[in-house]
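Here the structure comes first, spelled out in structure tokens, and everything after it is commentary.
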Amino acid sequence: MALAPLSLVVVEAEFLVVTGRSGSGKSTLLNLLSTLDKPSHGEVMLNGVSLTLMNEKQIAHLRNSCFGFIFQMPHLLPEKTVLENVVLPFHYGKLPVEVDVEKRCSELLDYVGLGEFGLRYPDTLSGGEMQRVVFARALARRPEVIFADEPTGSLDAGNSKKIMRLLQEQVERGCTVIMASHDVDAVHYGTRIVHLDKVESSLRQEPV
Amino acid sequence: MIFHYHLFDMRDGWASLSRRPLRSLLSSLGIGIGVTALIAMLSIGEGAKKSALDKIASLGTDALRIENNSQAAFTGRNSLANISKGLVVADAEYLAEWLGTRGNVGAYVRRENVTISREGRSVVATVLGVSAGWFEAEKVQLQSGRSVNQGDITLRENVCVAGSKITTILGTAPGSSIMLQRFPSNLVGVLAPKGRLLTEGTGLSALDFDNTVILPIFSLQAIFPGKDEARLDGLVITLNDSDEASILSIGAQVEEILLVRHKGVEDYSLVIPLNLLKEARDSQRLFSLIMGTIAGLSLLVGGIGVMNVMLANIAEQTREIGLRMAVGASRSRIANLYLWNSFLLTMTGGIWGMAAGVILALFIQKYAGWDVAFSSFSLIVAPLSALITGIVFGVHPAVRAASLQPASALRDS
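From first to last, the protein sequence lines are chains L and U. Adding 44 to a residue's 1-based position in the first sequence gives its number in our numbering. Adding 7 to a residue's 1-based position in the second sequence gives its number in our numbering.
Laid out in structure tokens, this is it:
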């Protein structure tokens, strides 16, 4: 079992930080909550609806329209430009009629400080810049929940701070952020900390 | 919306293949070779069919052609000459009577390399002495004047009908006189251009109607004596019933009659053009089977190559697949993306394979002398076979990519 049995409720506009030792199941928990993985036992509910009962198409739609993802390694498609990478989620869901997709994505790049980088390719960016592109992509479809798995794990202190501030801003705008991290500095940005302990098969919660 | 998705997946597929150009090129090579073989096979097969049909049309689908072969039959066996004299006028008369209204019989004797001249101009041509039924049996048309009739034959009139090429070279028309070697003959008609009999590979003697002078049968033998007057060089029989079975049946009966009349000596050769068509069909079928097998194997090998490259690409792009799933790509969209990959690979091979196939066929035509023809069928079948190969061999990798779990795909190293 990759994750000990647990019961966890996350409320709207909460910045939940999941901490724990390596192997305690932080990433597994995030994967289960974000539908990237399926639980072998138990249930994940979103707004009272069981995600385990959803079919594959509904889950894909949920990931596309409600969730945003930031990973430890900045995953970008190498053959696409920075702007094309940010636009990517729009190609897998319904195109919003009232929104100029490219304009919105350019604005997001401006927001993360990469307004001039739209036509560049990922291999010309630094790690921090790539992670900010991933951040812009996660915001592209105005997600209700952002899942961030060790978002600062591969960044220096300066870039880590930028990413954490951006996440905090999203929470202030009403977005829920669930972040797995063992970065001591990053933990302080959370509104609630959940500590996973595999040995005790339980979790310890502490408000910040 | 669906069009937008397909356009996006196609572009992504192309971009993905462009990242490994050499690998993509090599995998499309197998498909290209298969399509090349397919195009070459179909065009050569089509050319052989067209050539056979032209030949049959030239010889007549409803005709039987008999040529005297006594020279070959008697070689080293002089005693046979006492039994049979080869084809003779009596054979033609007997067959005409036996056939009745079922067809026409034309008899002829021929002389080769006869110099035809008029007022300083000359041409070397074939001279035929024909029976009155020959014109109808051979279905020749007149451009001007009249043909040789029974009266000309009976009275051994000194008249002739010339091919259009001869009259053009000599600058003559019906009503004038031309010289056959040193004998004058009155030109009474000119044949409409008909070209030549396509006799290659049939064992029949070649004949260019446009370069032939036609005389009444006995008039020719009077001008060029030396042979028994009763002997013929050939017969042409045209049947009124064009039914295949009927033609073959009459052909078999004619053969039997001649064998009996010639006392068992096969001093003639009977050619039934319809049989040539059947032979051509059989050999074409064999050729198509061999080439089809080669083309099929090439496509199979090519398809396996495509599948291999697709699986390698998927192994390399596992994290990207996970990423696409994380941002909302459904399994069907992932499958669609990799089917486009496979389709583009095979169609690229298909397109250059078609070009190479056409070039190969033209090369074969030029250097091997085979007839080739390009049909719309082959130009549809070739890319279609590449497309089907792409889909068949792309399905497994596409399903494999689509069945990846996003979380484990994202963890892939």
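Using N, Cα and C, we set each Cβ at its ideal position, and we do this for glycine too. None of these values were measured; they are calculated from a predicted model.
Self-check item: Near-chain L residues of the segment 325-358 of chain U (beta-carbon distance less than 9 Å), N- to C-terminal order
Solution: R326, E327, G329, L330, R331, M332, A333, V334, G335, A336, S337, R338, S339, R340
**Prompt:** So with Cβ pairs under 8 Å, would you call U/A22 a contact of chain L?
**Reply:** Taking the second sequence and counting its residues from 1, the one referred to as residue 22 of chain U is at position 15. Closer than 8 Å: yes.
Rounded separation between U/L66 and U/T353 - CA only: On the second sequence, residue 66 of chain U is found 59 positions in, with the first residue counted as 1. On the second sequence, residue 353 of chain U is found 346 positions in, with the first residue counted as 1. Cα to Cα, U/L66 sits roughly 45 Å from U/T353.
Using a Cβ cut-off of 8 Å (strictly closer), state whether L/Y155 contacts chain U. For the purposes of this step, residue 155 of chain L is taken as residue 111 along the first sequence, with counting starting at 1. Contact with chain U is absent for L/Y155, since none of that chain's Cβ atoms lies less than 8 Å from the residue's Cβ.
Mind checking if L/A180 is an interface residue toward chain U, Cβ cutoff 8 Å exclusive? Indexing the first sequence from 1 puts residue 180 of chain L at position 136. L/A180 does not count as touching chain U.
On the CB-based measure, 16 or more other CB atoms within 10 Å of its CB, does U/V316 come out buried or exposed?
Numbered from 1 along the second sequence, position 309 holds the residue referred to as residue 316 of chain U. Burial state of U/V316 is buried, judged by a 10 Å Cβ sphere holding 16 or more other Cβ atoms.
Checklist entry - When burial is assigned at 16 or more other CB atoms within 10 Å of the CB, is U/N247 buried or exposed? => result Locating residue 247 of chain U in the second sequence gives position 240, counting from the first residue. Exposed is the call here.
Inset, instruction - Kindly give me the distance between the Cβ atoms of U/T43 and U/G360, rounded to whole angstroms, as I take these residues to be in contact under 8 Å. - result: As a first step, residue 43 of chain U is located in the second sequence; it is residue number 36 there, counting from the start. As a first step, residue 360 of chain U is located in the second sequence; it is residue number 353 there, counting from the start. Rounded, the Cβ-Cβ distance is 5 Å, consistent with contact.
Backbone secondary structure at U/A70 - three-state DSSP = Within the second sequence, the letter at position 63 stands for residue 70 of chain U. The answer is strand: DSSP assigns U/A70 an E or B state.
| query | Among U/S58, U/S23, U/A22, U/S226, which one has its Cα closest to the Cα of U/G376? | reply | Mapped onto the second sequence, residue 376 of chain U falls at position 369. Measuring from the Cα of U/G376, the nearest candidate turns out to be U/S58.
Q: Throw me the rounded Cβ distance for the L/G234 and L/V126 pair, which I believe falls under 8 Å.
A: Along the first sequence, read from residue 1 onward, the residue named residue 234 of chain L stands at position 190. Along the first sequence, read from residue 1 onward, the residue named residue 126 of chain L stands at position 82. Contact flag wrong, Cβ pair sits at about 29 Å.
(Q) Taking 8 Å as the threshold (C-beta atoms), are U/L281 and U/E251 in contact? (A) For the purposes of this step, residue 251 of chain U is taken as residue 244 along the second sequence, with counting starting at 1. For the purposes of this step, residue 281 of chain U is taken as residue 274 along the second sequence, with counting starting at 1. Yes, they are a contact pair.
Practice problem: Compute the Euclidean distance between the alpha carbons of U/E327 and U/D16, then round it to the nearest angstrom. | Solution: Position 320 of the second sequence, counted from the start, is the residue given in the question as residue 327 of chain U. Position 9 of the second sequence, counted from the start, is the residue given in the question as residue 16 of chain U. Computed Cα separation, rounded: 14 Å.
Whole angstroms is fine: what's the gap from U/S290's alpha carbon to U/A55's? Within the second sequence, residue 290 of chain U is the residue found at index 283, counting from 1. Within the second sequence, residue 55 of chain U is the residue found at index 48, counting from 1. Approximately 9 Å, taken between the alpha carbons.
query: When the Cβ atoms of the segment 356-372 of chain U are set against those of the segment 388-402 of chain U, are three or more pairs found closer than 8 Å?
result: yes
Query - Chain-ordered neighbours of U/L417 on chain L, where CB pairs are closer than 8 Å - result: Residue 417 of chain U sits at position 410 when you count from the first residue of the second sequence. L80, F115, H119, listed in chain order.
- Message: According to DSSP, is U/G397 part of a helix, a strand, or is it coil?
- Response: Locating residue 397 of chain U in the second sequence gives position 390, where the first residue counts as 1. Here U/G397 sits in helix by DSSP.
Next on the checklist: Quick check on L/T168: does DSSP put it in helix, strand or coil?
Outcome noted: The residue you call residue 168 of chain L lines up with position 124 of the first sequence. Looking at L/T168 - three-state DSSP - the assignment turns out to be helix.
U/V112 and U/A144 closer than 8 Å at C-beta = Mapped onto the second sequence, residue 112 of chain U falls at position 105. Mapped onto the second sequence, residue 144 of chain U falls at position 137. Yes.
Could you tell me the alpha carbon to alpha carbon distance between U/R117 and U/K92, rounded to whole angstroms? In the second sequence, counting from the first residue as 1, residue 117 of chain U sits at position 110. In the second sequence, counting from the first residue as 1, residue 92 of chain U sits at position 85. So the alpha carbons of these two residues sit roughly 17 Å apart.
Taking only runs that begin and end inside the segment 161-243 of chain U, name each unbroken alpha helix (DSSP H) of 4 or more residues, in chain order.
-> 171-177, 224-230
When DSSP labels each residue in this structure, what does L/V252 get in the three-state scheme?
-> Position 208 of the first sequence, counting from 1, holds the residue named residue 252 of chain L. Residue confidence for L/V252 is low, a pLDDT of 49 falling below 50, so the modelled location carries little weight; the figure read from the coordinates is stated next. The answer is coil: DSSP assigns L/V252 none of H, G, I, E or B.
**Prompt:** Just reading off the alpha helix (DSSP H) that U/Q291 is part of, what are its end residues?
**Reply:** Within the second sequence, residue 291 of chain U is the residue found at index 284, counting from 1. Where U/Q291 is concerned, the enclosing alpha helix (DSSP H) stretches over 280-323.
message: Using the three-state DSSP reduction, which class does U/F10 fall into: helix, strand or coil?
response: Residue numbering aside, residue 10 of chain U sits at position 3 when the second sequence is read from its first letter. Here U/F10 sits in helix by DSSP.
Original post:
What does U/R26 touch in chain L if you count any residue whose Cβ is under 9 Å from its own?
Top reply: Residue mapping note: residue 26 of chain U aligns to position 19 of the second sequence, counting from 1. Correct list: P122, E123.
Practice prompt. Using a threshold of 8 Å, state whether the C-beta atoms of U/A139 and U/V155 are closer than that.
Written response: As a working note, residue 139 of chain U is residue 132 in the second sequence. As a working note, residue 155 of chain U is residue 148 in the second sequence. In this structure, U/V155 lies closer than 8 Å to U/A139 by Cβ.
- Could you tell me if L/M89 is buried or exposed, where buried requires 16 or more neighbouring beta carbons within 10 angstroms of its beta carbon? Position 45 of the first sequence holds residue 89 of chain L. Flag for L/M89 reads exposed.
**Report entry** Same chain, Cβ closer than 7 Å to U/L24, neighbours up to 5 away in sequence not counted
**Finding:** Along the second sequence, one-based indexing puts residue 24 of chain U at 17. Around U/L24: S31, N348, L351, L352.
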